[in-house]
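Take a look at the structure below.
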Ligand SMILES: Cc1cc2nc3c(=O)[nH]c(=O)nc-3n(C[C@H](O)[C@H](O)[C@H](O)COP(=O)(O)O)c2cc1C
């Protein structure tokens, strides 16, 4: 299989999406990809972060995770974006990073890559699909190839979200089933990107 470069780019305030991102990265690595796990920069003011102790704690705990740069996007054959739901939409921190990609897009450097997304929300009907679909709007503009998990593995029938791995925070920490769905999503994206790469090289 062609070796592919995968960027897992995420935002997380309190660690849930970070845990999903780690599992996605693990799945991609096990499938043979070169993986960069990257958080986007925190843009919230200190007062907001200070209002929730777990937010500040997570920021400290992930201080050593490298921040996403435009080079990570240019380098990648496939990109998986992770974000918590914010009123049914991606977090502004992730959007702020995406909004710096204009020049790359204009040069055509974001086209023809594989894209996929994952999320978390407090409640089961709190906007997981709408958040993932909102990110997909950007993938269309980039000329991306969207690869969702669908029901392509038995674990998908257990977690039940064909749009992208999604966790309900109100149920507690992500279960092994959810983490396995995230690994599956990472793996599937690698397989799709590798097939495209091989096809283009042929
Ligand atoms: C401003 C704001 C808006 C949110 N909107 C929603 C929402 O619409 N639906 C929902 O279920 N949860 C909502 N949440 C909860 C977050 O999605 C949840 O805390 C997040 O998924 C946890 O992920 P993290 O631990 O990676 O930060 C919201 C949280 C904040 C702070």
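Residue numbers (full-length UniProt numbering): 1 to 202.
The C-beta atom is built at its ideal place from N, Cα and C for all residues, glycine as well.
Every value quoted in this text rests on a predicted model; they were computed, and no experiment measured them.
Same chain, Cβ closer than 7 Å to residue 132, five either side skipped, listed in chain order:
Scanning its chain for C-beta atoms nearer than 7 Å, with the 5 sequence neighbours on each side dropped, one finds around residue 132 the residues 117, 119, 163 and 164, in chain order.
Can the beta-carbon of residue 40 be found less than 8 Å from the beta-carbon of residue 94?
When the beta-carbon positions are compared, residue 40 and residue 94 come within less than 8 Å of each other.
Considering only residues of the stretch 51-76, which uninterrupted alpha helix (DSSP H) runs meet the minimum length of 4 residues and lie entirely inside it, listed in chain order?
53-61 and 70-75, all fully within the stretch 51-76.
Residues near residue 170 in its chain [Cβ-Cβ closer than 7 Å; skip 5 each side]
Answer for residue 170: 122 and 123, listed in chain order.
Label residue 186 either buried or exposed according to how many other C-beta atoms from any shown protein chain fall within 10 Å of its C-beta, with 16 as the threshold for buried.
Buried: at least 16 other Cβ atoms inside 10 Å.
Please work out which residues of its chain come closer than 6 Å, Cβ to Cβ, to residue 84, disregarding the five sequence neighbours upstream and downstream, and give them in chain order.
Answer for residue 84: 17, 91 and 120, listed in chain order.
Is the separation between the beta-carbon of residue 35 and that of residue 28 shorter than 8 Å?
Going by C-beta atoms, residue 35 is nearer than 8 Å to residue 28.
Straight-line gap, residue 194 to residue 126 (C-alpha atoms, nearest Å):
Going from the Cα of residue 194 to the Cα of residue 126 covers about 34 Å.
Can you give the Cα-Cα distance for residue 71 and residue 8, rounded to whole angstroms?
Distance between the alpha carbons of residue 71 and residue 8 is about 13 Å.
Rank 157, 47, 192 and 129 by C-alpha distance to the C-alpha of residue 181 and give the top, closest one.
Closest by alpha carbon: 157.
So, using beta-carbon positions, are residue 99 and residue 145 closer together than 8 Å?
Their beta carbons are not under 8 Å apart, which means residue 99 does not touch residue 145 by this criterion.
May I have the straight-line CA-CA distance separating residue 10 from residue 38, to the nearest angstrom?
So the alpha carbons of these two residues sit roughly 6 Å apart.
Quick check on the DSSP output: what are the complete alpha helix (DSSP H) runs of length 4 or more inside the stretch 93-179, in order along the chain?
Here the runs fully enclosed are 102-106, 128-142 and 154-159.
Straight-line gap, residue 22 to residue 106 (C-alpha atoms, nearest Å):
Each residue's Cα considered, the two are about 31 Å apart.
Please tell me whether, using a cut-off of 7 Å, the distance from the CB of residue 121 to the nearest non-hydrogen atom of ligand 1 is below it.
Yes, since a heavy atom of ligand 1 falls inside the 7 Å radius drawn around the Cβ of residue 121.
Give the secondary structure of residue 82 by DSSP, where H, G and I count as helix, E and B as strand, and everything else as coil.
Residue state, collapsed to three classes: strand.
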